[in-house]
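Trainee: Input: one structure, supplied below.
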Amino acid sequence: MNRSAVTNACPRIIATAAEALAWIRAQRHAGKSVGLVPTMGALHTGHLSLIERSQQECDCTVVSIFVNPMQFGPHEDFNKYPRPLTADLEKLAAAGVELVFVPTVDEMYPAGFNTHVDPGALGQTWEGAFRPGHFRGVLTIVLKLFEMLPADRAYFGQKDFQQTVVVRQMVADLNLPIEIVICPTIRDNDGLALSSRNAFLDAPQRKSALSISRGLRLAKEQFAAGQRDAAQLGELVRQTIATEPGLEIQYVAVVDPISLAELSQVT
Ligand code: AMP
């Protein structure tokens with residue numbers, strides 16, 4: 000492990016872009032590599048796995064906590080999204096993170112803010128079709144964070160798969176000098192992918208939600224057994240989820256991992 004801070008030391012907490020940029024530049028000037036883990040807070044073991052990976056690969060790790068209003072639709076949960084900042088900072092101190100960037104909405108989007116990153120067709124399909132403007136908001140904040148916190152590497156979770164696709168495409172298209180590292184999905188013992196929003200689920204909803212990981216696991220088993228027909232694999236997931244009460248399927252898709260185009264055969 001390449002940690003340069005003493006574990007349990009308090010991380011430095013910075014709220015302004017200018018201070019954050021100065022801190023990162025000083026680290027890099029001193030020859031240290033920097034890893035960035037962008038988050039919306041309400042930290043759990045999934046976030047901590049990204050931090051751990053950054054600490055393995057970089058000399059210092061910066062975590063941003065910002066609930067980005069631009070990526071929430073008008074009827075989404077921006078106002079009730081959990082914001083347990085004190086608990087988050089304790090977790091980051093215990094993890095030995097060097098810097099936490101916690102900007103205000105005004106710091107990120109001052110009066111007159113007007114420019115956005117358009118993810119193109121990749122941002123309009125699948126999740127993007129149900130959440131218009133979501134990936135535009137994601138890419139705009141991610142690009143701003145890359146500028147404010149010019150790290151060597153940035154760490155993202157595979158749980159938000161389409162997010163990883165649009166971020167990687169932006170980095171390639173705009174020649175951004177940062178390496179994107181995608182980390183595996185961390186799940187609870189029962190299979191549910193860890194998510195800050197799981198706090199919204201009551202016990203029956205949580206039980207129903209398990210059908211998603213169950214369906215994915217069944218499809219994975221079928222694939223391992225030789226099934227290559229994408230429609231059959233997708234249907235297996237769809238049927239597994241459909242057996243649970245209270246769930247409404249928006250999309251289940253077997254896609255090319257770069258273009259997000261639907262596949263007929265999985266190779
Ligand atoms: P969020 O705070 O939900 O915006 O997530 C911040 C980062 O953590 C994103 O790159 C997510 O994909 C990643 N992440 C969230 N949950 C998990 C998980 N269960 N396993 C791995 N990464 C995750």
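Heads up: the sequence shown begins at 0 in numbering that gives the first Met the number 0, then just goes up one per residue.
Every residue gets a Cβ at the ideal spot worked out from N, C-alpha and C, and that includes glycine.
None of the values given here were measured: they were computed from a predicted structure.
Pair every Cβ in the segment 204-212 with every Cβ in the segment 231-246, then say whether three or more of these pairs are closer than 8 Å.
Mentor: Cβ pair count under 8 Å is three or more, so yes.
Trainee: Just to confirm the assignment: which complete beta strand (DSSP E) runs, minimum length 3, are found wholly within the segment 155-235?
Mentor: The segment 155-235 contains these whole beta strand (DSSP E) runs: 178-182.
Trainee: Using a threshold of 8 Å, state whether the C-beta atoms of LEU138 and PRO118 are closer than that.
Mentor: The residue given as residue 138 occupies position 139 in the sequence shown. The residue given as residue 118 occupies position 119 in the sequence shown. Yes, the Cβ-Cβ distance between LEU138 and PRO118 is below 8 Å.
Trainee: Going by beta carbon distance, what residues of the same chain come within less than 6 Å of VAL99, once the five residues before and after it are set aside?
Mentor: Numbered from 1 along the sequence shown, position 100 holds the residue referred to as residue 99. Hits under 6 Å: PRO10, ILE12, VAL62, LEU91.
Trainee: Taking C-alpha atoms, which residue in ILE185, ALA21, ALA41, THR114 lies nearest to THR85?
Mentor: Taking the first residue of the sequence shown as position 1, residue 85 is located at position 86. For the residues ILE185, ALA21, ALA41, THR114, the minimum Cα distance to THR85 belongs to ALA41.
Trainee: Would DSSP call LEU35 helix, strand or coil?
Mentor: The sequence position of residue 35 within the sequence shown is 36, counting from 1. Three-state result, LEU35: strand.
Trainee: Determine the direct distance from the alpha carbon of ALA17 to that of ALA260, and round the result to whole angstroms.
Mentor: The sequence position of residue 260 within the sequence shown is 261, counting from 1. The sequence position of residue 17 within the sequence shown is 18, counting from 1. Cα-Cα distance, rounded: 40 Å.
Trainee: If I'm right that VAL276 touches VAL251 with Cβ under 8 Å, what's the distance once you round it to whole angstroms?
Mentor: Only positions 0 to 266 of the chain appear in the structure, and residue 276 is not among them; the question remains open.
Trainee: Following the continuous alpha helix (DSSP H) through ARG24, name the residue where it begins and the one where it ends.
Mentor: Reading the sequence shown from its first residue, position 25 is the one you call residue 24. Run containing ARG24: 16-28, per the alpha helix (DSSP H) assignment.
Trainee: Can you pull the DSSP bridge partners for GLU261?
Mentor: On the sequence shown, position 262 is the one that residue 261 refers to. VAL254, per the DSSP bridge assignment.
Trainee: What is the DSSP secondary structure of THR60, reduced to helix, strand or coil?
Mentor: Looking up residue 60 in the sequence shown gives position 61. Strand at THR60.
Trainee: Could you have a look at ARG152 and say whether DSSP puts it in helix, strand or coil?
Mentor: Against the sequence shown, residue 152 aligns to sequence position 153. It is a strand residue.
Trainee: Within the continuous alpha helix (DSSP H) that includes ILE12, where are the two ends?
Mentor: Here residue 12 refers to the residue found at position 13 of the sequence shown. No alpha helix (DSSP H) holds ILE12; the beta strand (DSSP E) holding it covers 11-13.
Trainee: Let me know the secondary structure DSSP gives VAL137 once reduced to three states.
Mentor: Your numbering for residue 137 matches position 138 in the sequence shown. It is helical.
Trainee: Could you tell me which residues DSSP puts in a beta bridge with VAL99?
Mentor: For the purposes of this step, residue 99 is taken as the residue at position 100 of the sequence shown. VAL99 pairs with ILE12, VAL62.
Trainee: With a 10 Å radius around its C-beta and 16 neighbouring C-beta atoms as the bar for buried, classify ASN271 as buried or exposed.
Mentor: Nothing about residue 271 can be read from this structure; the chain reaches only from 0 to 266.
Trainee: Any idea what DSSP makes of PHE145, helix, strand or coil?
Mentor: As a first step, residue 145 is located in the sequence shown; it is residue number 146 there, counting from the start. Reduced to three states, the DSSP call for PHE145 is helix.
Trainee: Could you compute how far the alpha carbon of TYR80 sits from the alpha carbon of THR103?
Mentor: Here the question's residue 80 lines up with position 81 in the sequence shown. Here the question's residue 103 lines up with position 104 in the sequence shown. Their backbone Cα atoms lie some 15 Å apart in a straight line.
Trainee: For the alpha helix (DSSP H) containing GLY127, list its first residue and its last residue.
Mentor: The residue labelled residue 127 in the question sits at position 128 within the sequence shown. 126-129 is the extent of the alpha helix (DSSP H) around GLY127.
Trainee: Indicate the three-state DSSP secondary structure (helix, strand or coil) for ARG52 in the structure shown.
Mentor: As a first step, residue 52 is located in the sequence shown; it is residue number 53 there, counting from the start. Residue state, collapsed to three classes: helix.
Trainee: Would you say GLY45 and GLY156 are within 8 Å of each other, going by their C-beta atoms?
Mentor: Sequence index remark: in the sequence shown, residue 45 carries index 46 (1-based). Sequence index remark: in the sequence shown, residue 156 carries index 157 (1-based). Cβ distance < 8 Å, so GLY45 and GLY156 count as in contact.
Trainee: Helix, strand or coil for ALA110? Go by DSSP, reduced to three states.
Mentor: Here the question's residue 110 lines up with position 111 in the sequence shown. Looking at ALA110 - three-state DSSP - the assignment turns out to be coil, as it is neither helix nor strand.
Trainee: Between the alpha carbons of ALA198 and PHE112, how many angstroms are there, rounded?
Mentor: For the purposes of this step, residue 198 is taken as residue 199 along the sequence shown, with counting starting at 1. For the purposes of this step, residue 112 is taken as residue 113 along the sequence shown, with counting starting at 1. Cα to Cα, the separation comes out at about 32 Å.
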